[in-house]
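Quick note, our numbering runs 5 ahead of the 1-based positions in the sequence shown. Data first, discussion second: the structure below is written as structure tokens.
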Amino acid sequence: MAWTGAPDAPPTVRIAALVPSLARGERKVAEAIAADVECAVDMTAQELADAVGVGRASVVRTAQTLGFDGYPQLRVALARERALAAPAAPVAEGSLGVVQAAVDRFARSLPHTAAALTADVVEAFVTALDEAPRLVIAASGLSAPLGHDAAMRLTSAGRPVEFQPDPLSQHIAARQLRPGDVLFVISGSGATVGSLHAADAAREAGATVLALTAFSRAPLVARATTTLVVPPVTDSFQDELTQTSRAAFALVIEALVEAFVVRRGPRAREARAAALAVVSESLGE
């Protein structure tokens, strides 16, 4: 299964979204490219194969899996991405330098945050959020705060939402859904057992399953009706496991709610005004 996201998505975005599901040889090629784009641009398919320790066919298959006709086309796309990339900003020493480097790394990844999204998928996603008679959010682990955030933002925009932090409660709620209802699953890895159980329960109930995940071949994707893929900001799947960030997800959720507000029009704006009135009353001197 080759790349099915946005046709103009940069190569490293495609690699980040696909790498966990690639075959061993293709994964070695993809991770080598992501680790040193400049070097990959200057290599032929055979040179890259020799450097990684795989056959030339693995390099060609990797390029095709990433959505390119062959490795020459992948090299051109890599060169274009490298030419358009912003240079890393200088950072201070010590802890401040670590913080600055992390912020700079995220800032440079921002142009890629929505690169895998397509207009029809986003439209279907927002439409389902708007029209569902009942909306339940499933999110656990590091994604749990995002579930709470999404629920509050959508509620403030006039969209009643159910979110229980406990995965078992999410599973129970998903099983009680009906056709036309929506389960919105937020899972960075797309492989969290609790989230997968909730998605399975929702599907068995005939509900629509919306997924927000980082990897386009994650187990959750196969269970979802509509999936938004937001590639990780890290350089490899291992980094995603050890340096997990949900900052890009938070940004996309905020943007989805804005799209929801635009779709609903006056109803959403009136709901937001009512929410702001409550917030205003809760502020002290």
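Cβ coordinates follow ideal geometry from the N, Cα and C atoms, glycine included.
For residue i, count neighbouring C-beta atoms within 10 Å of its own C-beta (all shown protein chains included) and say buried if the count is 16 or more, exposed if not.
i      : result
His117 : buried
Gln51  : exposed
Ser221 : buried
Thr213 : buried
Ser287 : exposed
Leu115 : exposed
Assuming residue i and residue j are in contact, meaning their beta carbons sit under 8 Å apart, how far apart are those beta carbons, in whole angstroms?
i      : j      : result
Phe254 : Val235 : 6 Å
Ala156 : Ala276 : Ala156 to Ala276, Cβ: 14 Å. No contact.
Leu147 : Ile191 : Going by Cβ atoms, the distance from Leu147 to Ile191 rounds to 10 Å, so no, they are not a contact pair.
Gly10  : Ala28  : In fact, because the Cβ distance is near 19 Å, the residues do not count as touching under 8 Å.
Glu43  : Arg113 : No, Glu43 and Arg113 are not in contact; Cβ-Cβ is about 15 Å, not under 8 Å.
Val64  : Val34  : 5 Å
Gln175 : Gln169 : 6 Å
Does the Cβ-Cβ distance between residue i and residue j come in under 8 Å?
i      : j      : result
Phe189 : Leu225 : no
Leu201 : Arg228 : yes
Val18  : Ala120 : yes
Glu167 : Val141 : yes
Leu233 : Phe111 : no
Ala14  : Gln69  : no
Val46  : Leu101 : no
Asp135 : Arg251 : no
Val199 : Ala219 : Val is not the amino acid found at residue 199; the sequence shown has Gly there. No, the pair does not count as a contact, with Cβ atoms beyond the cut-off.
Run through the DSSP bridge pairs and tell me what residue i is partnered with.
i      : result
Ala212 : The partner list for Ala212 (beta bridge, DSSP) is empty, contrary to what the question assumes.
Thr123 : DSSP lists no partner for Thr123.
Ala178 : BP columns for Ala178 are empty, so no partner.
Ile142 : Phe168 and Phe189
Val108 : Answer is none; Val108 lacks a bridge partner.
Glu234 : With the sequence shown as reference, residue 234 is identified as Val, and Glu is not the correct amino acid for it. DSSP, once it has assigned bridges, lists Thr218 as partnering Val234.
To test your reading of the DSSP string, which unbroken alpha helix (DSSP H) runs of 4 or more residues are found completely within the segment 37-97?
42-46, 50-57, 61-70 and 76-89
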